[in-house]
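K.L.:
Structure incoming, see below.
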């Protein structure tokens, strides 16, 4: 019962605080940036029902009392008008921005502090606010700090966060043309070219069938303190070159599997006859999985808006399989010290190479 009475008194205290505080109605500021063109239109701005009109407290330096920051009833309309002044919208894609958080998180409840934080979140939808039409989310936070004219700063924060959210959405739209609708995606094909090992660097030896590593491929290392006498650095990666025109997307993928000469080393006087066959196995494994990556990408039919994600998914699957097998190879051969196991693995690796070359 005492707890209930105390809670009532606390609630009355906070209510009285806000009722006695002067108000500042949020508005959008003209921040003097050039008008930009846009491939979409912010057709509507809405506030989620959970967003309170009472944002929090601000206080200018030298003022005796804080101000209560309030979202006015017309803020959605004035925010949309503000963005229309900043952008030359293309009305082919109508977007709804739903603001899901807009408040000042108090460092000390009921008081203002330089560590108070302005929090903002919003989501972008096509056609209507519905999970089926969800496209993108944006989140921002900014310390309130201490200023001579806190209301002006608050308006500036709100205006800039609207612009930042719109800019971030605009940037993401470039990578997601499917957001314009499925119809436009189906009409534009992806022209795919996959090139394997276009490597010209003198520091790299591209993985190719028949190449045998030599002691001369390694650099002398006088600084390493590990118990290794030979270290082989291999890389399995890819690069994307994409260009789009009105008819198609030209997608070029360059897969790379190579030996790093400057980062592969030996120290002391290693037993090359014992250890080099093991390191040749590391080279051959990378070669096999470079081919496997190349094959998997060639066989994939990529979609216009999702090709980067699709490529990365294939790459990660191949890379993880390669890493697991290499780890097993290192363990079972005791990093080359078990020559009998190295010989068995050489046969296994050659079988893998034959399989990926079919």
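Numbering (the numbering used here), first residue to last: 17 to 374.
The beta-carbon is built from N, C-alpha and C at its ideal position, and this holds for glycine as well.
Over the uninterrupted beta strand (DSSP E) stretch that includes residue 142, give me the two end residues.
P.N.:
133-142
K.L.:
Is the Cβ-Cβ distance between residue 37 and residue 84 less than 7 angstroms?
P.N.:
yes
K.L.:
Taking all protein chains shown into account, decide if residue 139 is buried (16 or more other Cβ within 10 angstroms of its Cβ) or exposed.
P.N.:
buried
K.L.:
Assuming residue 167 and residue 74 form a contact by the criterion Cβ under 8 angstroms, report the distance between their Cβ atoms to the nearest whole angstrom.
P.N.:
About 7 angstroms; that satisfies the 8 angstroms criterion.
K.L.:
Report the partner residues of residue 72 according to the DSSP bridge assignment.
P.N.:
85
K.L.:
With a threshold of 16 other CB atoms inside 10 Å of the CB of residue 296, please say whether the residue is buried or exposed.
P.N.:
buried
K.L.:
Could you check where the alpha helix (DSSP H) with residue 344 kicks off and where it finishes?
P.N.:
323-348
K.L.:
Near residue 350, what residues of its chain come up, given a Cβ to Cβ distance below 8 angstroms and the 5 sequence neighbours on each side ignored?
P.N.:
357
K.L.:
Helix, strand or coil for residue 90, going by three-state DSSP, please let me know.
P.N.:
coil
K.L.:
For residue 336 and residue 254, I'd like the C-alpha separation in whole angstroms.
P.N.:
About 15 angstroms.
K.L.:
What does DSSP give as the partner residue(s) for residue 220 in the beta ladder?
P.N.:
276
K.L.:
Going along the chain, which residues of its own chain have a beta-carbon closer than 8 angstroms to the beta-carbon of residue 51, five neighbours each way excluded?
P.N.:
101, 102, 103 and 104
K.L.:
Per DSSP, which one or two residues make a beta bridge with residue 257?
P.N.:
268
K.L.:
If you follow the alpha helix (DSSP H) that residue 363 is in, where does it begin and where does it stop?
P.N.:
355-372
K.L.:
Could you give the distance in angstroms between the alpha-carbon of residue 80 and the alpha-carbon of residue 176?
P.N.:
Distance between the alpha carbons of residue 80 and residue 176: 28 angstroms.
K.L.:
In angstroms with no decimal places, state the Cα-to-Cα distance between residue 34 and residue 95.
P.N.:
Any reading at residue 34 must be qualified, since the residue scores a pLDDT of 45, below 50, and its modelled position is unreliable; the value itself is stated next. So the alpha carbons of these two residues sit roughly 25 angstroms apart.
K.L.:
Return the chain-ordered list of same chain residues with a C-beta closer than 7 angstroms to the C-beta of residue 247, the five sequence neighbours on each side being excluded.
P.N.:
280 and 281
K.L.:
What is the DSSP secondary structure of residue 158, reduced to helix, strand or coil?
P.N.:
strand
K.L.:
Suppose you measure from the CA of residue 195 to the CA of residue 116; what does that come to, to the nearest Å?
P.N.:
Just so you know, the alpha carbons of residue 195 and residue 116 end up roughly 21 angstroms apart.
K.L.:
If residue 345 sits next to residue 301, beta carbons under 8 angstroms apart, how far is it from one beta carbon to the other, in whole angstroms?
P.N.:
With a Cβ gap of about 7 angstroms, residue 345 and residue 301 count as contacting.
K.L.:
Measure the C-alpha to C-alpha separation of residue 239 and residue 170 and round it to an integer number of angstroms.
P.N.:
56 angstroms
K.L.:
What whole-angstrom Cβ distance do residue 320 and residue 269 have, given they're in contact under 8 angstroms?
P.N.:
Not quite, the Cβ-Cβ distance comes to about 15 angstroms (not below 8 angstroms), so this is no contact.
K.L.:
Using 8 angstroms as the threshold, is the stretch 180-188 in touch with the stretch 250-264, meaning 3 or more CB pairs across them?
P.N.:
no
K.L.:
Please classify residue 187: does DSSP put it in a helix, a strand, or coil?
P.N.:
helix
K.L.:
Have a look at residue 77 and residue 71 and give me their C-alpha separation to the nearest angstrom.
P.N.:
19 angstroms
K.L.:
Excluding five sequence neighbours on each side, which residues of the same chain lie with their C-beta closer than 7 angstroms to the C-beta of residue 192?
P.N.:
321
K.L.:
Have a look at residue 125 and residue 47 and give me their C-alpha separation to the nearest angstrom.
P.N.:
31 angstroms
K.L.:
Taking 7 angstroms as the cut-off, decide whether the C-beta atoms of residue 299 and residue 252 are in contact.
P.N.:
The criterion of a C-beta distance shorter than 7 angstroms is not satisfied by residue 299 and residue 252.
K.L.:
Classify residue 366 as buried or exposed, calling it buried when 16 or more other Cβ atoms lie within 10 Å of its own Cβ.
P.N.:
exposed
K.L.:
Who are the near neighbours of residue 163 in its chain, counting only those whose CB is closer than 7 angstroms to its CB and skipping five residues on each side?
P.N.:
76, 77 and 169
K.L.:
Considering only DSSP beta bridges, list what residue 118 is partnered with.
P.N.:
Its beta-bridge partners are 136.
K.L.:
Using only alpha-carbon positions, find the residue among 235, 369 and 343 that is nearest to residue 309.
P.N.:
369
K.L.:
Could you have a look at residue 145 and say whether DSSP puts it in helix, strand or coil?
P.N.:
coil
K.L.:
Assuming residue 216 contacts residue 277 under a Cβ cut-off of 8 angstroms, what Cβ separation, rounded to an integer in Å, is found between them?
P.N.:
In fact, because the Cβ distance is near 14 angstroms, the residues do not count as touching under 8 angstroms.
K.L.:
Could you name the residues of the same chain whose beta carbon sits closer than 7 angstroms to that of residue 161, not counting the 5 residues immediately before and after it, in chain order?
P.N.:
130
K.L.:
Are the beta-carbon atoms of residue 142 and residue 149 separated by less than 7 angstroms?
P.N.:
Yes, these two residues count as a Cβ contact at 7 angstroms.
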